[in-house]
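Residue numbers (this note's numbering): 145 to 543. Backbone N, C-alpha and C define an ideal beta-carbon position, used for all residues, glycine too. None of these values were measured; they are calculated from a predicted model. Here is the structure we will look at.
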């Protein structure tokens, strides 16, 4: 399903744009990092791979593979996701012609903000790398540099993806992007920069364009942890609103005439499973705050207990993400948390999901136009719901 994408500007602050100029490049690196220059030798590294081995440059000898590609990739970044769809075929195609590929994840998972995880099931931790690489079908070693980030600093990794191509003497001959497209589709690529650079080396020619801009998700250096912690604290101070709603209002929400996926959860403060699952719901709302998604909660508490329900929501920090708040204001609505006011539960069931058997909690995922894509009576599984949402929204930017 293709839904309009209107959030890219909001994410741009977490993305590195073209940075070929030296004065821009160095400014984006930590003080103890360097920028590799053309002709520089490949810096050595000693990093754990997801296969249980520890790798260094000696594991990629020129006698076995004359050319070496060091590719900085990540689990969470949509730019990296798209580039990997072309990088994997490149690695497969040129392996027999002398190209070795090693991928390195430079990111500290503690420096990735929750809103930067909206395009992936995975953060950038080592164990998550194993699952991500298996799902993507990586055909090359995938190494973890997120603890000390020594390799990222030695190579001058600006973002993921960022690739470095070395000749048989292990001297740098190309650095920059895989290609010029941020989208998944091969047809969207106009400049096959890495492929052309490899072809030049194989033919014994100089690389025509040895440096290209790096466009991707900024390297999550360890020092950025403080910013993530600040954002988490700021979220806790965001206002929480609770509005009243009747069955007709729920029916309008279930109709979903927006361009967003809606996850609607019915709960109550007296429902122990509801209380237990609520942090997972808030986590989804934050994680997907920059996607075409909204969490709507409907409390079945007695309207006389409205203040108690609101206090619970405040303790759970069930705020509306900033981007969504602006969209709702334009649509004439402010709340995403509601208190059901009618006496009849039957009317609510008919309005939301006729297949709901009645017990709480009950959750439905509704596509634009009103189709229910997922329903669960009982507590949700966070990872299962996230996977379902990403199956629809996708892990890539879309044209």
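Residue burial classification, residue i (beta-carbon count within 10 angstroms, cutoff 16)
i, result
"residue 182", "exposed"
"residue 547", "Any property of residue 547 remains undetermined from this structure, which presents the chain solely from 145 to 543."
"residue 447", "exposed"
"residue 445", "buried"
"residue 153", "Because the pLDDT at residue 153 is just 33, under 50, the model does not fix this residue reliably, and the point stays unresolved."
"residue 367", "exposed"
"residue 433", "buried"
"residue 253", "buried"
Neighbourhood of residue i by C-beta, 6 Å cutoff - its chain only, sequence neighbours within 5 removed
i, result
"residue 404", "436, 437, 438"
"residue 450", "483"
"residue 165", "With a pLDDT of only 48 at residue 165, under the threshold of 50, the placement of this residue in the model should not be trusted; the figure read from the coordinates follows. Taken in chain order, the list of residues that qualify is empty."
"residue 210", "242, 312"
Separation of residue j from residue i, as counted between CA atoms
i, j, result
"residue 387", "residue 457", "12 Å"
"residue 489", "residue 400", "21 Å"
"residue 505", "residue 485", "17 Å"
"residue 176", "residue 293", "11 Å"
"residue 339", "residue 321", "10 Å"
"residue 240", "residue 250", "28 Å"
"residue 426", "residue 417", "15 Å"
"residue 493", "residue 452", "24 Å"
"residue 299", "residue 214", "9 Å"
"residue 353", "residue 207", "26 Å"
"residue 537", "residue 257", "19 Å"
"residue 318", "residue 341", "7 Å"
"residue 264", "residue 344", "35 Å"
"residue 329", "residue 419", "42 Å"
"residue 146", "residue 515", "Residue placement at residue 146 cannot be trusted, given a pLDDT of 41 that sits under 50; what the coordinates show is reported in the next sentence. So the alpha carbons of these two residues sit roughly 14 Å apart."
"residue 542", "residue 406", "20 Å"
Residues sharing a beta bridge with residue i, DSSP
i, result
"residue 234", "Note: residue 234 sits in no beta bridge, so no partner."
"residue 410", "442, 506"
"residue 187", "None, per the DSSP bridge assignment."
"residue 346", "None, per the DSSP bridge assignment."
"residue 306", "216"
"residue 192", "198"
"residue 483", "388, 443"
Start-to-end residues for the alpha helix (DSSP H) that takes in residue i
i, result
"residue 533", "526-537"
"residue 240", "It is not in any alpha helix (DSSP H) - residue 240 carries neither H nor E in the DSSP assignment."
"residue 427", "416-431"
"residue 364", "Residue 364 -> no alpha helix (DSSP H), and no H or E assigned at all."
"residue 457", "450-459"
"residue 282", "Neither: residue 282 is in no alpha helix (DSSP H) and is coded neither H nor E."
"residue 132", "Outside the shown range of the chain, which is 145 to 543, sits residue 132, and nothing can be said about it."
Heavy atom of the ligand HEM within 6 Å of residue i beta-carbon
i, result
"residue 406", "The ligand HEM is not among the ligands present in this structure, which contains no ligands whatsoever."
Residue span of the beta strand (DSSP E) that contains residue i, given as start and end
i, result
"residue 393", "Taken as a continuous stretch (DSSP letters only), residue 393 belongs to no beta strand (DSSP E), being part of the alpha helix (DSSP H) at 391-399."
"residue 319", "316-320"
"residue 499", "No beta strand (DSSP E) holds residue 499; DSSP gives it neither H nor E."
"residue 521", "516-521"
Chain C contact for residue i (CB, 7 Å cutoff)
i, result
"residue 440", "Absent from the structure is chain C; it holds one protein chain and no more."
Neighbourhood of residue i by C-beta, 8 Å cutoff - its chain only, sequence neighbours within 5 removed
i, result
"residue 532", "509, 517, 518"
Cβ shell of residue i (< 7 Å), same chain only, five flanking positions each side left out
i, result
"residue 283", "232, 235, 236"
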